[in-house]
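In order, the protein sequences belong to chains A and B.
Its first residue numbered 58, the first sequence is counted upward by one per residue in our numbering.
Its first residue numbered 350, the second sequence is counted upward by one per residue in our numbering.
Every residue, glycine too, gets a C-beta built ideally from N, C-alpha and C.
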Amino acid sequence: KNEVEQSPQNLTAQEGEFITINCSYSVGISALHWLQQHPGGGIVSLFMLSSGKKKHGRLIATINIQEKHSSLHITASHPRDSAVYICAVFSTARNKLVFGAGTILRVKS
Amino acid sequence: EAGVAQSPRYKIIEKRQSVAFWCNPISGHATLYWYQQILGQGPKLLIQFQNNGVVDDSQLPKDRFSAERLKGVDSTLKIQPAKLEDSAVYLCASSRDSNYGYTFGSGTRLTVV
Chain A
58 KNEVEQSPQN
68 LTAQEGEFIT
78 INCSYSVGIS
88 ALHWLQQHPG
98 GGIVSLFMLS
108 SGKKKHGRLI
118 ATINIQEKHS
128 SLHITASHPR
138 DSAVYICAVF
148 STARNKLVFG
158 AGTILRVKS
Chain B
350 EAGVAQSPRY
360 KIIEKRQSVA
370 FWCNPISGHA
380 TLYWYQQILG
390 QGPKLLIQFQ
400 NNGVVDDSQL
410 PKDRFSAERL
420 KGVDSTLKIQ
430 PAKLEDSAVY
440 LCASSRDSNY
450 GYTFGSGTRL
460 TVV
């Protein structure tokens with residue numbers, strides 16, 4: 058079993074829909090990152106969380122440390138949100154980032 | 350602040366050839382990472398530098414991969430000789446230290462034919 062599991066693996070949404078991507082992890086962490094990767098390959102850091110909730114524009118990220126679970130929400134989705142969204146945790150035991158496999162999001166107009 | 354710069358953006362080489370990638374991290378970021386991302390998978394850490402010293406290179410295939418970070422700033426990653434399975438995106442990232450946010454570069458997409 059992977060230490061970081063994301064769901065769903067693939068997601069297709071209609072423009073304007075509310076989107077949720079989930080991340081569960083099984084290791085002790087000091088922080089959780091949500092990353093966005095566009096087809097060209099480069100990665101953009103969206104959020105770094107260690108507790109609670111963060112909001113940036115239409116993006117909201119939450120984390121529940123006790124349940125070892127985080128969610129990334131996109132409100133009023135738009136085709137430009139189409140990308141791969143990656144959850145990564147900083148494992149305290151391994152002292153490095155451990156990545157999920159990513160969620161491929163496609164938003165249709 | 351300027352982002353993490355990587356070059357080249359794309360590279361196509363034949364197997365058994367050599368290739369080098371370059372990374373310029375954000376100024377003041379002591380920690381630099383090289384990741385390999387194979388299509389459909391999450392990034393895998395190849396090597397982590399703290400200033401110009403190696404912190405973790407446990408997943409670096411040292412028979413063919415090498416990396417250096419001279420003067421604790423720019424870094425190069427080299428593959429010699431390349432194999433077909435080295436086809437991947439090579440990402441460079443930097444951070445002030447591992448407890449801070451990471452900034453990733455645009456990546457180098459390597460195709461070995």
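- Excluding residues up to 5 positions away in sequence, A88, L89, A118, I120, S127 lie with their Cβ nearer than 7 Å to the Cβ of L106 of chain A in the same chain.
- Within the model, the alpha-carbon separation for W91 of chain A versus R365 of chain B is close to 36 Å.
- The beta carbon of I76 of chain A sits closer than 6 Å to those of A70, I131, S134, all from its chain and outside the five residues before and after it, given in chain order.
- Minimum Cα-Cα distance from K427 of chain B among the listed residues B:L395, B:S455, B:P374, B:T380 corresponds to B:L395.
- Looking at A:C144, A:E62, A:N152, A:Q63, the one whose alpha-carbon comes closest to that of D406 of chain B is A:N152.
- Under the Cβ distance rule, I100 of chain A counts among the residues neighbouring chain B, one pair being separated by less than 8 Å.
- In the three-state reduction of the DSSP assignment, R418 of chain B falls in the coil class, being assigned neither a helical nor a strand state.
- What K153 of chain A touches in chain B, judged by beta-carbon distance under 8 Å, is L394, Q397, D405, S447, going in chain order.
- In the structure shown, the three-state DSSP call for L106 of chain A is strand.
- Here the C-alpha atom of P96 of chain A lies approximately 24 Å from the C-alpha atom of S444 of chain B.
- For Y142 of chain A, the enclosing beta strand (DSSP E) stretches over residues 140-148.
- For I86 of chain A, the nearest beta carbon of chain B is not closer than 8 Å to its own beta carbon.
- Put simply, the backbone Cα of V422 of chain B is about 42 Å away from that of K165 of chain A.
- The residues I131, T132, A133, in chain order, have a CB closer than 7 Å to that of R115 of chain A in the same chain once the five nearest residues on each side in sequence are set aside.
- For T457 of chain B, the closest of B:P357, B:L381, B:P410, B:D435 by C-alpha to C-alpha distance is B:P357.
- For the 8 Å CB-CB criterion, I78 of chain A and Q63 of chain A form a contact.
- When secondary structure is reduced to three states using DSSP, L116 of chain A falls in the strand class.
- Listed as beta-bridge partners of G402 of chain B by DSSP are B:Q399.
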